[in-house]
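Remarks on the structure that follows.
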Amino acid sequence: MHRFVLTAKQAAASLGCRNPGSGGKNTALRCTTSLAADRPPRGPRLPRLARERTVRWSSAAKASAVKINEKASREKILTLESMNPLVKALEYAVRGPIVLKAGEIEKELRKGIKKPFTEVIKANIGDAHAMGQRPITFLRQVVALCTYPNLLDSPSFPEDAKKRARRILQDCGGNSLGSYTASPGINCIREDVASYIERRDGGVPADPDNIYLTTGASDGITTILKILVSGGGKSRTGVMIPIPQYPLYSAAISDLDAIQVNYYLDEENCWALDVNELRRSLKEAKAYCNPKVLCIINPGNPTGQVQNRKSTEDVIHFAWEEKLFLLADEVYQDNVYSEGCQFHSFKKILYEMGPEYYNNVELASFHSTSKGYMGECGYRGGYMEVLNLHPEIKGQLVKLLSVRLCPPVSGQAAMDVVVNPPIPGEESYSQFIKEKESVLNNLAKKAKLTEDMFNNIPGMHCNPLQGAMYAFPRIFIPSKAIEEAKVHKMAPDMFYCMKLLEETGICVVPGSGFGQREGTYHLRMTILPPAEKLKILLEKMKDFHIKFLEKYA
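Numbering-wise, the working numbering comes out as the position in the sequence shown, counting from 1, plus 47.
Here is the structure:
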């Protein structure tokens, strides 16, 4: 310390400062330069130690500033060149560039910047409540009771909701939704999921030990893919996915450095899955990877088809024959609209095909709170049922799940209501059924409305929307527009969708984000907006498309 004080005194002396003290006492340094006269009156003087520290820190700061001036600040550790290349290569179309542009336009509208429209309509993603769908009362009641147990004494809540909330809380540490749960999820909810699957599948047995609660279906899908991917070079795991696909799959495959193996759905046959196309795809893929996973989305996203029983049987036989691990994405199982269509779970058909299949085909199937009639995307609730895992792999799966500790507990509670809804005779049953049927009936009407209106637009064609909650119409794009898209370094349907957004405020996702056959162009649009708003949206799209064709004809 004495050295720093001495240095400070020497520095002061060099600036023309003197020590006016007497008797060798350490008193304050006073400067006699002409600058001193210009200073404002001083406040109370600091103690000696504080003054010495101020001098020391000022000196350090000055030295640091000199070094910064001498040399520019060092390069960042994390740059586009040094970051994980797998993350950089990852794309997720439903929240991609067009959605970012929509966000920019929304900010401009809030600032009062004039546009040909007054609002941005985000029809890019299946976010039901954001589009105005009302929550299911019973589900919200149970989650509210679990979140704030004091409400259990309130007469405003029905007894059947309280009964479910108490059961869930009894399985939570400290009877609180704020505690961690077991990594596979709350036991009583896993039991309820197993009971739901048995009811859904007409008595096919389900074991709670095969049920894992997840953070939405996406978490389950990526977890299973993570444990499946291995090898290098030509032995690297190949994952067969439908084209068009939901971009979660291509993003997860990219993130895991696995090999994406495309098989094409048959657009001319209502996006049907043809097992001959699976054989073609598998045969070609074996030349450059080790295909061992087959993903099915049923009902389809973005294509809206509902797989029939024969097709499901063919797929299961193919997976058994080729020793492929089956992933069945069944989050839209409640969303079936077309007459003659019915949801068949892969688990049920697998069981009914006999023990040779049921005891051998490895199958993971997924469900979620986000879709169906619930639309509870934000709770991030979901489950997966995994069949015929090797016992040692089952342990490895639990270990992998334990890394993320547990799924959101409020999401687990929401999932419980989906699989354990009110039953006839219970207080909440009539209101629950009324709300559920209202949502599904409205979606069915909007599916038909969307299909009919798209098919009345010149240069557009839309297959029947049998299920799910999206339309995926094929759009004709003139060659002149394709050339202009190239100038802007955009895919033609991205160019089209960007123009649609800029001129109408309607945000949809280009088909290139989901995959499509070469030379075809599509867009994906949710059917979730209220019917009147959906009608206006479709009319605007019709006007835009006709003008677009005229401009680029």
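Heads up, the beta-carbon is just placed ideally off N, CA and C, and yes, glycines get one too.
Remember, it's a predicted structure, so these values are computed and weren't measured experimentally.
In the three-state scheme derived from DSSP, where H, G and I count as helix and E and B as strand, residue 307 is classed as strand. Contact check between the region 198-207 and the region 415-434: fewer than three CB pairs, one atom from each, fall below 8 Å, which does not count as touching. One thing to note: residue 244 has its Cβ no nearer than 9 Å to the Cβ of residue 431. Contact check between the region 353-368 and the region 436-451: fewer than three CB pairs, one atom from each, fall below 8 Å, which does not count as touching. Below 8 Å, enough C-beta pairs join the region 163-174 and the region 550-558 to call them touching: three or more. Put simply, the backbone Cα of residue 496 is about 29 Å away from that of residue 264.
Burial of residue 308 is indicated by the presence of at least 16 other C-beta atoms within 10 angstroms of its C-beta.
Under the three-pair Cβ rule at 8 Å, the region 366-376 counts as touching the region 325-344.
Here the alpha carbons of residue 563 and residue 365 stand approximately 23 Å from one another. Using a Cβ-Cβ distance cut-off of 8 Å, the region 218-231 and the region 445-457 are in contact, since at least three pairs of beta carbons, one from each stretch, lie closer than that value. Less than 9 Å divides the Cβ of residue 520 from the Cβ of residue 501. Burial state of residue 593 is exposed, judged by a 10 Å Cβ sphere holding fewer than 16 other Cβ atoms. Per DSSP, the unbroken beta strand (DSSP E) holding residue 259 starts and ends at 258-262. Proximity of the region 498-513 to the region 236-253 falls short of the contact definition, fewer than three beta-carbon pairs being nearer than 8 Å. The alpha-carbon of residue 326 is positioned some 11 Å away from that of residue 361.
Within the same chain, and ignoring the five residues on either side of residue 300 in sequence, the residues whose Cβ sits closer than 8 Å to its Cβ are 272, 286, 288, 306, 307.
Within the same chain, 288, 342 come within 7 Å of residue 296 by CB-CB distance, once the 5 residues on both sides are set aside. Beta-bridge analysis with DSSP links residue 522 to 507. Pairing residue 346 with residue 535, the inter-Cα distance amounts to about 35 Å. Contact annotation: residue 385 and residue 291 have beta-carbon atoms that are not nearer than 9 Å. Pairing residue 383 with residue 390 gives a Cβ-Cβ distance under 9 Å. In this structure, DSSP gives residue 313 an extended state, which the three-state scheme calls strand. When the Cα atoms are used, residue 312 and residue 223 turn out to be separated by approximately 46 Å.
By the 16-neighbour rule on beta-carbons within 10 angstroms, residue 581 is buried. Linking residue 571 to residue 349 through their CA atoms gives a straight-line distance of about 6 Å.
Going by DSSP, residue 432 is part of the beta strand (DSSP E) stretching over 428-434. For residue 365, DSSP assigns no beta-bridge partner whatsoever. Shown here, residue 253 sits in coil according to DSSP, grouped into three states, outside any helix or strand. Cβ-Cβ distances below 7 Å link residue 184 to 478, 482 in the same chain, with the five nearest sequence neighbours on each side left out; the list follows chain order.
Counting the other Cβ atoms within 10 Å of the Cβ of residue 404 gives 16 or more, which makes it buried.
Taking residue 191 as the centre and dropping the five residues before and after it, the same chain places the C-beta of 198 closer than 7 Å to its C-beta, in chain order.
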